[in-house]
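Here the structure comes first, spelled out in structure tokens, and everything after it is commentary.
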Amino acid sequence: MLAGVLAGLLVAGCTQGYAQPQAAGEQPAIAGGKPASPRPTDVKLASGDPRQSGGVIAAGGADAVYNYGPSVMLDRGQTRMWWCSQYGGAGPAGDDILYAQAQSMDGPFTGPGGGIPAAVFSGAPGQFDGMHTCDPSVLRVGSTYYLYYTGAAGDHALGNAIGLATSPDGLHWTRAAGGRPILGPSHDVHRANVYGAGQPSVVYLDGWFYLMFTDTTGRAAGANGAGQFLLRSRDPAFGSGVQALDVGGFVPVASTSGPRARSIVDGFSADLMWVGALAAFIVAHESDGGTTLTFWTADFTEHPFQPVVIPGPWQEGPGLVRRADGHAPLSSADPCDRVPFDVVRATTLGGARAPSDLRHFGLDLRGSQACANPGRVAATFDGVTAPSPERTMDLVRAGARVQVDRRTVAVALAGEVLEKAPPALAALPVTAHLRSGAEAVAAPDAGFAFILDDHRRWRIPDGGIVGNNGSTARPVSAAQWEGYAPGASLVG
């Protein structure tokens, strides 16, 4: 199975058309870096409000014998989920990516029009992913959805690689990068575990796409192939400007092919999320007691908080419930003190001896002090939009509020939408106003930007937002683009 990495065993791609469950590593570690020993920065946060669904929340149709590897997104009032399964009539024999949606993370999840979940992405015969597409990690940045996935052409050793597809709606996908993989095995070390590279998890933060993944051939992987490696790039396809997390931090690399010098968690099938309220990344990975949350500072140098376990049964890696940009959602009860952590994971081995029965588990961490000062407020609410007293939408970006006339535009730019502004937002200044029909420019190799009333250029990720604002992008040269004072990006 594409997601199923059996630690220490010889795994030659898929077996009988389905994956085997993975085996998680033991303890968080930095392979090749500092030991994961207690440090003064390891603060213990109080936990509470444990929760879990009453039963299975999502499953494929009658012939879907497994369901695992979910990517769960809170997006414009809906809980959306993509996961790995298989429909006999969806395409070539092999793994498919299914999609369903619900009004809450406890489901029930149904297809876009109701009924059984839909197979929205399958293998492309003759390509690197000709048989299997699995392990989805989905983001929305502006108007574009990005699907990172594991693909394989067949059941053979080291055949797994990571691909990318894009979509305007999360349902209809077009392969990017010419249909070629954006990342494959590094071949640093060949071990008994011949899974290869896959199980991606992606977060968008401050203009960077952070890509975490498994590579059983990575130099810093464990003897059983376990390990999680990290790249980042401003290019969603990782075709240029790639940096790899090394022992000393992020360093430029020529491509995504390696070497893999540092692993951040000893495990398989993990998920990544940025938590603004804690100013930390978390890696969710399976351990003996359930899903362990391991915390890292933004530069991956320290553990700011002690690990936390979301207890309960599991048979395959977790999918964190995340915002559209891969960030942690806010607590509806108390965003200034609580941080909710929720996961969906397969909990049993089905009749085909493959992971299935997706269920929801979660808890809150308390004591974040997320509104202690304006700087903490800015980090906590970054990428959030909420109604303002001026009958606009306030979009929090780069430590300030941008007033946006059109709700549809604010929602497209935001990672999370609140129907009522928390009082803490009043601590942030209003820095600019995006009016309907505002001036917009486009430059070769630079992209799109609005020129706001502060006469700065505020970058946006795609031209669709320009049209939604009733604006028209005026072509400008690179010199003209640079002639505008730079503002922040309107998307985190």
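Under the working numbering, think of the first position of the sequence shown as 4, with each following residue one higher.
We put the CB at the ideal spot given by N, CA and C, even for glycine.
If the five residues before and after D78 are omitted, its C-beta is found closer than 7 angstroms to the C-beta atoms of R143 and A327, all from its own chain and listed in chain order. Counting only runs of 3+ residues, the beta strand (DSSP E) found wholly inside the region 357 to 390 occupies 358 to 369 and 387 to 390, in chain order.
Contact check for A389 and A424: beta-carbon distance about 4 angstroms, within the 8 angstroms limit, so the pair qualifies. By the C-beta density criterion, D132 is buried, having at least 16 other C-beta atoms within 10 angstroms. Between the region 134 to 148 and the region 460 to 469 there are three or more inter-stretch CB-CB distances shorter than 8 angstroms, so the stretches are counted as touching. The Cβ neighbour count for V469, taken over all protein chains shown within 10 Å, is at least 16; the residue is labelled buried. With fewer than 16 other Cβ atoms from the protein chains shown falling within 10 Å of its own Cβ, H175 counts as exposed.
A403 and T434 have their C-alpha atoms some 6 angstroms from each other.
Contact between the region 246 to 256 and the region 221 to 236 is present: 3 or more CB-CB pairs across the two stretches fall below 8 angstroms. CA-CA distance, V245 to W211, rounds to 10 angstroms. Rounded to the nearest angstrom, the gap between the Cα atoms of G450 and L208 is 18 angstroms.
As the crow flies, the alpha-carbon of F344 is around 21 angstroms from that of F216. For I165, the enclosing beta strand (DSSP E) has its first and last residue at A164 to S170. Approximately 19 angstroms separates the beta-carbon atoms of G495 and D457; this is outside 8 angstroms, ruling out the contact. Between V405 and L437, the beta carbon gap of about 6 angstroms places them in contact (Cβ cut-off 8 angstroms). Looking at A375, A413, V479 and G322, the one whose alpha-carbon comes closest to that of G72 is G322. DSSP places Q104 in the uninterrupted beta strand (DSSP E) bounded by D99 to A105.
Taking 8 angstroms as the cut-off, the beta carbon of R263 is found no closer than this to the beta carbon of A229.
Counting the other CB atoms within 10 Å of its CB gives V46 a total below 16, which places it among the exposed residues. For I100, the closest alpha carbon among the candidates V123, Q81 and G117 is that of V123. Nearest to H193 by C-alpha distance, out of R394, G378 and A226, is A226. Note that the C-beta distance between M76 and A61 is not below 8 angstroms.
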